[in-house]
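Just so you know, we're using our numbering here: the sequence shown kicks off at 8 and counts up by one.
Glycine residues also receive a C-beta, built at the ideal position from the N, C-alpha and C atoms.
Structure first, then comments.
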Amino acid sequence: MSKGRVLLTRDQFRDGVFNRDRGCCVNCREPGVDAHHIIDTNLFNDGGYYLENGALVCTECHILAETTELEVETILAKAGIAKPVYPGHLPAEERIDKWGNPVLADGTRLRGEMFDNESVQKALALGGKLELFTGKPYRKYPRTFHFGWSSGVQSDDKMLRSTSAMQGRRIIGTIKMDGENTSLYTDHMHARSLDSKHNYSRDEVKAFWSSIRHEIPDYWRICGENMWGVHSIEYQNLAHVFYGFSVWDDKNVALAWDEGRDTTLDWFELLGIQPVEKVYDGIFDDAAMKRIASEVMDHGHEGVVFRVADAIPYREFSESVGKAVRQGHVQTDQHWMHGEIRRNGFVRPGEIAPTLIPTLAMPTRRIAPVGGNAPTP
8 MSKGRVLLTR
18 DQFRDGVFNR
28 DRGCCVNCRE
38 PGVDAHHIID
48 TNLFNDGGYY
58 LENGALVCTE
68 CHILAETTEL
78 EVETILAKAG
88 IAKPVYPGHL
98 PAEERIDKWG
108 NPVLADGTRL
118 RGEMFDNESV
128 QKALALGGKL
138 ELFTGKPYRK
148 YPRTFHFGWS
158 SGVQSDDKML
168 RSTSAMQGRR
178 IIGTIKMDGE
188 NTSLYTDHMH
198 ARSLDSKHNY
208 SRDEVKAFWS
218 SIRHEIPDYW
228 RICGENMWGV
238 HSIEYQNLAH
248 VFYGFSVWDD
258 KNVALAWDEG
268 RDTTLDWFEL
278 LGIQPVEKVY
288 DGIFDDAAMK
298 RIASEVMDHG
308 HEGVVFRVAD
318 AIPYREFSES
328 VGKAVRQGHV
338 QTDQHWMHGE
348 IRRNGFVRPG
358 EIAPTLIPTL
368 AMPTRRIAPV
378 GGNAPTP
């Protein structure tokens with residue numbers, strides 16, 4: 008939720024919307040009947056009763072809004088809402104419809120977390136919008152928020168409002184690799200942007216994906232880092248061009264790390280994926296996690312990502328995963344892909360890559376520095 012927004016009761020929300028819109032439908036100016044939620048309340052963890060998420064509509068226009076024939080952007084503009092309220096786990100800079108389905112630049116849509124809901128299906132069908140949805144639910148990787156003690160926060164970064172969802176639970180901490188966020192499906196792969204264009208730095212990951220894609224179930228995705236190119240850190244002796252950190256199933260749930268059936272590490276082993284290296288494994292301990300992150304960053308790594316060890320539904324990602332990044336990690340204003348891209352160092356085929364960290368008891372392990380001399384593959 009944006010700073011300064013006030014969460015209202017249901018009655019306060021209705022009264023506020025009627026008063027602000029002066030009793031008239033924002034779309035057709037006929038007498039208003041319903042205080043419409045611009046983004047559905049089920050997408051919010053707190054109910055979404057914010058004045059900036061409401062608009063007064065008549066019965067006819069309410070139906071158009073529910074079927075998404077009346078678009079979110081149109082309602083916002085007609086209600087005079089310059090800064091809308093989005094659920095915390097959805098990127099505010101991206102277009103979505105009322106039900107949280109991402110809307111692409113060409114007008115087609117991706118399946119959001121409520122797409123399969125029966126009432127949503129009926130509304131979209133009534134509005135003739137089901138044909139706009141692509142056959143496969145490609146999804147942008149969710150944004151990882153910073154812990155309050157992360158020293159590398161930039162102006163556009165977001166902070167964890169609370170760690171209450173992590174407290175008392177088993178937490179896995181892994182080294183944050185300085186690569187390119189990449190998602191692999193059975194029929195597609197993309198970088199963080201869903202429409203990422205071809206670049207030679209992605210060719211080796213693409214070749215690896217081609218060798219495993221038939222093993223990835225429909226509607227699942229494998230997420231990790233493309234480590235081919237040097238960004239702000241130059242690596243030596245990397246084990247693989249792709250380091251995995253999560254596996255998402257057809258329900259848009261990130262699998263548990265290593266306990267139960269169908270875990271993240273089970274799938275990494277099956278597919279031959281190199282997992283990101285673990286530096287913390289224990290019950291949530293803010294002080295211990297902070298010490299580990301500091302030690303990792305002191306030895307030249309970008310930072311540490313901490314996640315709950317059990318499965319994570321997409322909408323709970325923003326409160327179940329957090330990161331700490333070193334101060335001044337990005338050394339230039341130029342995007343790494345805009346210049347000549349240098350290749351990181353990798354071990355030769357058949358050689359065993361040294362771990363980035365020595366195998367010592369956690370959470371007081373000593374962290375190995377980045378670097379070393381690697382032979383050219």
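Which residue from Y56, L83, H43, N52 puts its Cα closest to that of E67?
Comparing Cα positions, the closest option is H43.
Given L58, which residues of its chain have a CB within under 6 Å of its CB, disregarding the five upstream and five downstream residues?
Apart from sequence neighbours up to five positions away, the residues of its chain that approach L58 with a beta-carbon distance below 6 Å are G23, ordered along the chain.
Between D18 and I179, how many whole angstroms is the CB-CB distance? I'm expecting something under 8 Å.
I179 and D18 do not touch by the CB rule: their CB atoms are close to 43 Å apart, not below 8 Å.
Can you tell me where the alpha helix (DSSP H) with F122 in it begins and where it stops?
Taken as a continuous stretch (DSSP letters only), F122 belongs to no alpha helix (DSSP H), as it is neither H nor E.
Alpha helix (DSSP H) segment containing T66, residue limits
For T66, the uninterrupted alpha helix (DSSP H) run begins and ends at 66 to 73, by DSSP.
Of all the CB atoms in chain C, is at least one closer than 8 Å to the CB of R17?
Included in the structure is just one protein chain, with no chain C present.
In the DSSP assignment, find the beta strand (DSSP E) that holds F249 and state where it starts and stops.
249 to 255 is the extent of the beta strand (DSSP E) around F249.
According to the neighbour-count rule (16 or more other Cβ atoms, all chains shown, within 10 Å of its Cβ), is H205 buried or exposed?
Taking all protein chains shown into account, H205 has fewer than 16 neighbouring C-beta atoms within 10 Å of its C-beta and is therefore exposed.
Local conformation of E76 per DSSP, three classes:
The answer is coil: DSSP assigns E76 none of H, G, I, E or B.
Heavy atom of the ligand FAD within 7 Å of I280 beta-carbon
Only the bare structure without any ligand can be found here, which leaves the ligand FAD out of the picture.
Take every Cβ of the region 159 to 170, pair it with every Cβ of the region 317 to 337, and state whether three or more of those distances are shorter than 8 Å.
Yes: the two stretches touch, three or more of their Cβ pairs being nearer than 8 Å.
Helix, strand or coil at K90 [DSSP, three-state]
Under the three-state reduction of DSSP output, K90 falls in the coil class, being neither helix nor strand.
Can you list, in chain order, the residues of its chain whose CB lies under 6 Å from that of V354, leaving out five sequence neighbours each side?
Excluding residues up to 5 positions away in sequence, N244, A360 lie with their Cβ nearer than 6 Å to the Cβ of V354 in the same chain.
Between the Cα of G329 and those of K297, P224, E100, E80, spot the shortest distance and give me the residue it belongs to.
Checked all of K297, P224, E100, E80; the closest Cα to G329 is K297.
May I ask you to report which of helix, strand or coil DSSP gives N233?
Here N233 sits in strand by DSSP.
Within its chain, find whatever has a CB closer than 8 Å to the CB of L14; leave out the 5 residues flanking it on each side and keep chain order.
Closer than 8 Å at the Cβ level, and outside the excluded window around L14, lie M8, D53, G54, Y56, Y57.
Going by DSSP, what residues sit across from H43 in a beta bridge?
Partner(s): A62.
One question on the structure: do A214 and A263 come within less than 8 Å of each other, judged by their Cβ atoms?
Taking a C-beta distance under 8 Å as the contact criterion, A214 and A263 do not qualify as a contact pair.
What does a CB cutoff of less than 6 Å around P94 pick up in its chain, not counting 5 residues either side in sequence?
Same-chain partners within the cutoff: L50, F51.
Own chain residues within Cβ distance below 7 Å of D292, not counting five before or after:
Exclusion of the five residues before and after D292 leaves no residue of its chain whose Cβ lies closer than 7 Å to its Cβ.
Using a Cβ-Cβ cut-off of 6 Å (strictly less than) and excluding sequence neighbours within five positions of L131, which residues of its own chain qualify?
Only residues of its own chain outside the window of five on either side were considered, and among them L137 have a CB closer than 6 Å to the CB of L131, listed in chain order.
Cβ neighbour criterion (16 or more within 10 Å) applied to I290:
By the 10 Å Cβ count, I290 comes out exposed.
Where do the ends of the beta strand (DSSP E) carrying S190 lie?
Where S190 is concerned, the enclosing beta strand (DSSP E) stretches over 187 to 191.
Judging by CA-CA distance, which residue of G107, T181, E120, G87 is the nearest neighbour of H308?
Looking at the Cα atoms, T181 is the closest of the given residues.
How is D340 classed by DSSP in three states: helix, strand or coil?
Note that D340 scores 48 on pLDDT, short of 50, meaning its location in the model is unreliable and no value can be drawn from it.
Looking only at its own chain, which residues have a Cβ that is under 7 Å from the Cβ of R168, when we skip the five neighbours before and after it?
Spatial neighbours of R168 in its own chain (CB-CB distance under 7 Å, excluding positions within 5 residues in sequence) are not present.
Rounded to whole angstroms, what is the Cα-Cα separation between G134 and E76?
Counting only the Cα atoms, E76 lies some 6 Å from G134.
Taking the C-alpha atoms as reference points, what is the distance between F122 and G357?
The alpha-carbon atoms of F122 and G357 are separated by roughly 46 Å.
Quick one: what's H153 bridged to in DSSP?
When DSSP reads this structure, H153 sits in a beta bridge with M166, K330.
Taking only the alpha-carbon atoms, compute the straight-line gap between D340 and L277 and give it to the nearest angstrom.
Residue placement at D340 cannot be trusted, given a pLDDT of 48 that sits under 50; the coordinates are not used to answer.
Please report how far the alpha carbon of N233 lies from the alpha carbon of E323, in whole angstroms.
E323 has its alpha-carbon roughly 25 Å from the corresponding atom of N233.
Same chain, Cβ closer than 7 Å to F152, five either side skipped, listed in chain order
Excluding sequence neighbours, F152 sits near K165, M166, L167, S325, G329.
So is A112 buried or exposed if we call it buried at 16+ other beta carbons inside 10 Å?
So A112 ends up on the exposed side.
Chain-order list of residues whose beta-carbon lies under 7 Å from that of V33 (same chain, five-residue window excluded)
Exclusion of the five residues before and after V33 leaves A62, L63, V64, I82, K85, A86 as the residues of its chain whose Cβ lies within less than 7 Å of its Cβ.
Expressed to the nearest angstrom, what Euclidean distance is found between the alpha-carbon atoms of A316 and E211?
The alpha-carbon atoms of A316 and E211 are separated by roughly 30 Å.
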